[in-house]
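In UniProt numbering, the protein residues as written are 1 to 827. All C-beta atoms, glycine included, are put in the ideal place defined by N, C-alpha and C. As structure tokens, the structure follows; a few thoughts come after it.
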Amino acid sequence: MNLDKIIECLRDTSLKDTQTTDKAFNNLIVLARDSSPETVYAHPDCFKIIGEYIEKSKQETGGGTQFVISCFRLLSELARMSVTRAKGILGHFPIDYLTDIIAYSNDNSLMTAYQYLVQTLLNTLAGVQEALNKLKKQAKLDKERTLTVSQSICNQVQKKVEDDMVKENEPLIMEILLRLIKRSSSHIISATARDTLLALVMSNIDYQGLNFGVQLVKEDCLQHLLDIASEVEELKSPSSMEISSMTHSLVAACLEKIFSCHDHDQVREKFRETTQEYLNKLLRNPDIDDKVRAAKIFTVLLAGPSEIGNSCIGQAGMIEMILAMASSDEYAQQKAALDAIIAAASKKDKCNAIANLGDKVLNELRESKNEEIRLRALVGLSKVSSVGSTDASIRPLTAEANPRYARDCRAIISRPTPEFTLKQYAIEALAYLSFDGTVKEELVEDRQALNALFETMTFDVNSPVVYSILNIFVNLTNSYDKQEQPPELVELAKFAQQHVPQEHPLDKHEIVKSRVEKLAISDLVTKLVQLANIESKAAKELIARIMNALAEVEHVRGRLVQQGAVTLLMALAQTDAKTPEKSCILATHALARLGITMDPQLVYQGQRLVAVIKPLKRLLKPECTALQNFEALLALTNIAQANETCRNHILNDNGFSLIESLMFEEHEMIRRAAVQCVVNLIREPQMVSLYEADNDRVKYLIILCQEEDLETVKAASGALAMLCQVSEKACEKIFEAKQWEEILMLLLSNENMELVHRAVVIVKCIVSCKDQKLAERIYASQISDVLMALTMPQLEGVPQPIKELASSIIKSNMANSTNEGSDSDDD
1 MNLDKIIECL
11 RDTSLKDTQT
21 TDKAFNNLIV
31 LARDSSPETV
41 YAHPDCFKII
51 GEYIEKSKQE
61 TGGGTQFVIS
71 CFRLLSELAR
81 MSVTRAKGIL
91 GHFPIDYLTD
101 IIAYSNDNSL
111 MTAYQYLVQT
121 LLNTLAGVQE
131 ALNKLKKQAK
141 LDKERTLTVS
151 QSICNQVQKK
161 VEDDMVKENE
171 PLIMEILLRL
181 IKRSSSHIIS
191 ATARDTLLAL
201 VMSNIDYQGL
211 NFGVQLVKED
221 CLQHLLDIAS
231 EVEELKSPSS
241 MEISSMTHSL
251 VAACLEKIFS
261 CHDHDQVREK
271 FRETTQEYLN
281 KLLRNPDIDD
291 KVRAAKIFTV
301 LLAGPSEIGN
311 SCIGQAGMIE
321 MILAMASSDE
331 YAQQKAALDA
341 IIAAASKKDK
351 CNAIANLGDK
361 VLNELRESKN
371 EEIRLRALVG
381 LSKVSSVGST
391 DASIRPLTAE
401 ANPRYARDCR
411 AIISRPTPEF
421 TLKQYAIEAL
431 AYLSFDGTVK
441 EELVEDRQAL
451 NALFETMTFD
461 VNSPVVYSIL
471 NIFVNLTNSY
481 DKQEQPPELV
491 ELAKFAQQHV
501 PQEHPLDKHE
511 IVKSRVEKLA
521 ISDLVTKLVQ
531 LANIESKAAK
541 ELIARIMNAL
551 AEVEHVRGRL
561 VQQGAVTLLM
571 ALAQTDAKTP
581 EKSCILATHA
591 LARLGITMDP
601 QLVYQGQRLV
611 AVIKPLKRLL
621 KPECTALQNF
631 EALLALTNIA
641 QANETCRNHI
651 LNDNGFSLIE
661 SLMFEEHEMI
671 RRAAVQCVVN
681 LIREPQMVSL
691 YEADNDRVKY
701 LIILCQEEDL
711 ETVKAASGAL
721 AMLCQVSEKA
731 CEKIFEAKQW
741 EEILMLLLSN
751 ENMELVHRAV
761 VIVKCIVSCK
771 DQKLAERIYA
781 SQISDVLMAL
791 TMPQLEGVPQ
801 PIKELASSII
811 KSNMANSTNE
821 GSDSDDD
């Protein structure tokens, strides 16, 4: 491709010849991306052509956007990997000029191209592109288009970004962020453009990023963000901002990111004072609309920097003012007040205040003719009533309130064609109420409501309502984190007159198990399988919690496998991170449970049988719980029986070290499971080599044979018997244990014939070794007498195979003695 010809083509082509222009731009983009970005950048007409096309497109009515997108794409490729080129682009096309191009548009493709361009400029100025290029070559990493400054420049250890480059370009980076924030509060830009600007700000502020957040507050950026936060759709006027359903969430995220940069009390106090001052201006104004705007800011703050939100709403008279607004007849006041109440009801003190002062108001609004207000009031009451979470002793409202509110929610959810927004409110309320045991029992019996939840959950997997639905099922299965308190501490707390959390009577183990069984035979698992590719990490964790709770019930595991649980869990369990997400650990635990009581080759079919080994080995690490260690060992023990390939995969990548470390655990069941796993691996050549090496591994197996736990002794003696059959070196190492004779005698004289059989096999292997000195040590000990006793006819209960083995050892001894006698006579 000839650069001059492409430029000439673009110069001579009009906007109406879209096909030729598109082709020329695409060729130019390919040149800039793959071969000669410097050549394209240095061409004297490059920026001139881009500028002309942008200006022409701005003048076109109803067309030309596609060429602006092409220009943005070209500039993005030119900006990559070169700070000089990035600065040159900003010199020709300042950030304000680029923002003006998209300011009044609602075209999502244009917003994406603009966002990518600005992000590329920021990444290049921060050194992200250069660092990422090195990582890509080393680890074949292909994520450069999704990395942001907050993910990269702010984590030098993980992303290896050059700190010097960030500091050198800090003024320019700050200038871009400042311009984005200030422009985002413009009253004349489109809602889509505003969201795009806020998304860029949110993605590029981090608490490690050179205190960007602190500097932004010093530059009065907080004022601009609070202006957006105060926007209320119901108070539309000619000067109002255009906002979308996502705008307030984005502002909350930006405020949270900025606040997280404030790492000491002095700057945090400055943030709080600035926010409180802004609110006070609104609250001092007698205009009721400003009070509605203040209530909206409370809601945004509580969704973002909640510490600031709780501080502001906790000021004297704030709760009373919000409740007074809720009791008015105006829709805008009611809605803003209820949103603030819902957001504030996450703190116990606020819930108590709302319950004491606003119970009557909220119940009146629950009977409102406006269904949206009625449902918001229901959510508020539900959240206040459920403030105790799993503690059944904390109930600000009456005990009958939760089931009553939950029935209202289920009725709305079960409607054939309710508005999605209304259903969303009902689901959110039910998510809070489902901490109550009575609510759980009623819901699990309501097939219509459950089916409606299943349908809603899979309608749009990335909808926020999915998280609320998953929370409901986490509560139904009691799969949230529970801190078990020792009885002694509970008694001590009671004696000290401290509050002791109480479990709901309907959350006893057997009742929860019954609920889980009912959910397992429903369509829950098949619906969760459809969420396998969900993006939200929080949602993934909830799915893993639910599946882990279902897999805990032994007799439903077969049904889970039939419904596709393994496919879902394998997707959740895969990770290359050194520190796996909670969802990975929980999903792997569920996979382990499925493989304990069922044939692993049926559970993990095909290549999954090998693929599941790596995540299972993660559960053997010390940071996992004892139960996870134990059940992972059981699953690996079963898998080890499948074939040699599986055994090798278990042993590879430090697998045996993880298993061996658990053989020394104090917990009896974990120690037993680890030894049982070793039994199924012991005959592998690499295992034999490990036990033949200069160490005490064989000695430890001998010592384990005198444990009190019968199953541990069976496993240890079995491993020893199998090892001795393939290794004379192992037979020799048995004598390294000082109590070898006593332990073998203990096994041979045991009433359990399985242990006797193993011991006889061990002795048989020793006396069959080429080194006859080993046999002589056996024959010189009291073991010969015990073997002789085992062969006696009058000794009942000894299986014939044991007698035959013992007899063969004795005959071997006699033959050796005869040979020695003959040799003596010859002499």
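{"Query": "May I ask you to report which of helix, strand or coil DSSP gives K140?", "Result": "In this prediction, K140 scores a pLDDT of 47, lower than 50, which makes its location untrustworthy; the coordinate-derived value is nonetheless stated afterwards. Coil."}
{"Query": "In chain order, what residues of the same chain lie with their CB nearer than 8 Å to the CB of I29, ignoring the 5 residues before and after it?", "Result": "S70, R73, L74 and E77"}
{"Query": "Taking the runs of the alpha helix (DSSP H) that are 4 residues or longer, which of them lie wholly in the UniProt domain \"UNC-45/Cro1/She4 central\" (237 to 383)?", "Result": "247 to 260, 265 to 284, 288 to 303, 306 to 313, 318 to 326, 331 to 344 and 348 to 365"}
{"Query": "For Y41, report the span of its alpha helix (DSSP H) as first-last.", "Result": "P37 to A42"}
{"Query": "L96 by DSSP, collapsed to three states: which one?", "Result": "It is worth fixing the name first, because residue 96 is Asp in this sequence and not Leu. Helix, per DSSP."}
{"Query": "Just how far apart, CA to CA, sit Q530 and L323?", "Result": "42 Å"}
{"Query": "Given a threshold of 16 other Cβ atoms within 10 Å of its Cβ, counted over all protein chains shown, does P600 qualify as buried or as exposed?", "Result": "buried"}
{"Query": "Roughly how many angstroms lie between the CA atoms of S689 and E660, to the nearest whole one?", "Result": "15 Å"}
{"Query": "Please report the straight-line C-alpha distance between A431 and T637, rounded to a whole angstrom.", "Result": "39 Å"}
{"Query": "Would you kindly work out how many angstroms separate the C-alpha atoms of M241 and A377, rounded to a whole number?", "Result": "27 Å"}
{"Query": "Just to confirm my understanding: we take R697, look at its own chain, exclude 5 residues before and 5 after, and list those with CB closer than 6 Å. What are they?", "Result": "Y691"}
{"Query": "Tell me where the alpha helix (DSSP H) around A715 begins and ends.", "Result": "L710 to V726"}
{"Query": "Measure the alpha-carbon distance for L178 versus A193 and round it to whole angstroms.", "Result": "16 Å"}
{"Query": "Looking at L197: is its Cβ nearer than 8 Å to the Cβ of L225?", "Result": "no"}
{"Query": "Can you tell me whether H509 is helix, strand or coil according to DSSP?", "Result": "helix"}
{"Query": "From this set, E330, A532, V217 and I181, which residue's C-alpha is nearest L200's C-alpha?", "Result": "I181"}
{"Query": "Please report the distance separating the alpha-carbon of E455 from that of K423.", "Result": "12 Å"}
{"Query": "Just curious, the alpha helix (DSSP H) that E52 is in, first and last residue?", "Result": "C46 to Q59"}
{"Query": "Assuming S479 and I546 are in contact, meaning their beta carbons sit under 8 Å apart, how far apart are those beta carbons, in whole angstroms?", "Result": "6 Å"}
{"Query": "With H, G and I counted as helix, E and B as strand and the rest as coil, what does DSSP make of K729?", "Result": "helix"}
{"Query": "Can you give the beta carbon distance from I89 to A79, rounded, assuming they're within the 8 Å contact cut?", "Result": "5 Å"}
{"Query": "Taking only three categories from DSSP, how would you classify A789?", "Result": "helix"}
{"Query": "If you follow the alpha helix (DSSP H) that E234 is in, where does it begin and where does it stop?", "Result": "Neither: E234 is in no alpha helix (DSSP H) and is coded neither H nor E."}
{"Query": "Where does the unbroken alpha helix (DSSP H) through S386 begin, and where does it stop?", "Result": "Unbroken run through S386: none, as it is neither H nor E."}
{"Query": "Buried or exposed: where does C154 fall if 16 or more other Cβ atoms within 10 Å of its Cβ makes it buried?", "Result": "Its pLDDT being 41, under 50, C154 is placed unreliably by the model, and nothing is read from it."}
{"Query": "I need the boundaries of the alpha helix (DSSP H) containing Y467, first residue and last residue.", "Result": "V465 to L476"}
{"Query": "Looking at C-alpha atoms only, which residue of C731, E168, Q223 and Q574 is the closest neighbour of A693?", "Result": "C731"}
{"Query": "Less than 8 Å between C-beta atoms, sequence neighbours within five positions excluded: which residues of the same chain meet that for residue 828?", "Result": "With the chain running from 1 to 827 in the structure shown, residue 828 is simply not present."}
{"Query": "Going along the chain, which residues of its own chain have a beta-carbon closer than 6 Å to the beta-carbon of K699, five neighbours each way excluded?", "Result": "E736 and A737"}
{"Query": "Taking buried to mean at least 16 other C-beta atoms within 10 Å of its own C-beta, is F630 buried or exposed?", "Result": "buried"}
{"Query": "I743: which of T567, E751 and A759 sits nearest, CA to CA?", "Result": "A759"}
{"Query": "I'd like the list of long-range same chain contacts for G304, defined as Cβ closer than 7 Å, with 5 residues on each side in sequence excluded.", "Result": "A252, A253, L255 and E256"}
{"Query": "Starting from C705, trace the alpha helix (DSSP H) in both directions and tell me its first and last residue.", "Result": "Element bounds for C705: n/a, residue is neither H nor E."}
{"Query": "Leaving out five residues on either side along the sequence, give the residues of the same chain with a beta carbon under 8 Å from the beta carbon of R183.", "Result": "D96, T99, A103, I189 and L197"}
{"Query": "Closest to R671 by C-alpha separation, out of I639, A626 and V118, would be which residue?", "Result": "A626"}
{"Query": "Could you work out which residue in D4, L222 and N285 is closest to R268 when comparing CA atoms only?", "Result": "L222"}
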